[in-house]
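Colleague:
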Amino acid sequence: MNRRALVSSLGALLFSGAAAFAVSRLAMQKPKALGGPPRVVSLSPALTETTLALGAGEQLVGISDFCELPPGKTLPRLGSALTPNHEAIAALEPSLILCDASVGSKGHSLAALAPCEILPWLTLAEVVQSTRRLGQL
Numbered sequence: 023m024n025r026r027a028l029v030s031s032l033g034a035l036l037f038s039g040a041a042a043f044a045v046s047r048l049a050m051q052k053p054k055a056l057g058g059p060p061r062v063v064s065l066s067p068a069l070t071e072t073t074l075a076l077g078a079g080e081q082l083v084g085i086s087d088f089c090e091l092p093p094g095k096t097l098p099r100l101g102s103a104l105t106p107n108h109e110a111i112a113a114l115e116p117s118l119i120l121c122d123a124s125v126g127s128k129g130h131s132l133a134a135l136a137p138c139e140i141l142p143w144l145t146l147a148e149v150v151q152s153t154r155r156l157g158q159l
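Residue numbers (my numbering): 23 to 159.
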């Protein structure tokens, strides 16, 4: 490995470590409310719509950029499962973050902000199982 590639790799590693540290510091700045109503962030349109259909729409405090809401209801847009806005999510102090399986490795960084429930949503069996789990949550 040449010197330029080594310096570039070390720079990327340091930047990613600094970003992870900054996100974890944001998550620790304000303690999450204990005992209050659940504060749910949904980063998946399917999970948002299912949450609304289950009658838990009042628990939603933020949604993905691609979610649709009933007329007259607005919530903060927080990016997507692939490109979450960590600062905006942390500011909402969620007690739960909902993601589908597309979140991949981003789920680890989201879990630093609040418990992150990753619900698979590709097959009919997964949809049924994930809907049941969402109802439990």
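Backbone N, C-alpha and C fix where the C-beta goes; we use that ideal spot for every residue, glycine too. Treat the numbers as computed from the prediction; the structure is a model and nothing was measured.
State buried or exposed for VAL150, treating a residue as buried only when at least 16 other CB atoms are found within 10 Å of its CB.
Modeller: exposed
Colleague: Out of PRO93, VAL62, PRO137 and PHE88, point me to the one whose CA is closest to GLN81's CA.
Modeller: VAL62
Colleague: Throw me the rounded Cβ distance for the THR72 and LEU156 pair, which I believe falls under 8 Å.
Modeller: 6 Å
Colleague: Would you mind sorting GLU90 into buried or exposed? The rule is 16 or more other CB atoms within 10 Å of its CB.
Modeller: exposed
Colleague: Would you list the one or two residues that DSSP bridges to VAL62?
Modeller: LEU82 and LEU118
Colleague: Once DSSP output is grouped into helix, strand and coil, what is the label at ARG47?
Modeller: Low confidence applies to ARG47: its pLDDT is 41, below 50, so where it sits in the model is not reliable enough to give any reading.
Colleague: Report the CB separation of ALA123 from ILE111 in whole angstroms; it is logged as a contact under 8 Å.
Modeller: ALA123 to ILE111, Cβ: 19 Å. No contact.
Colleague: Excluding sequence positions up to five away, which residues of its chain have a Cβ less than 7 Å from the Cβ of PRO60?
Modeller: GLN81, SER117 and LEU118
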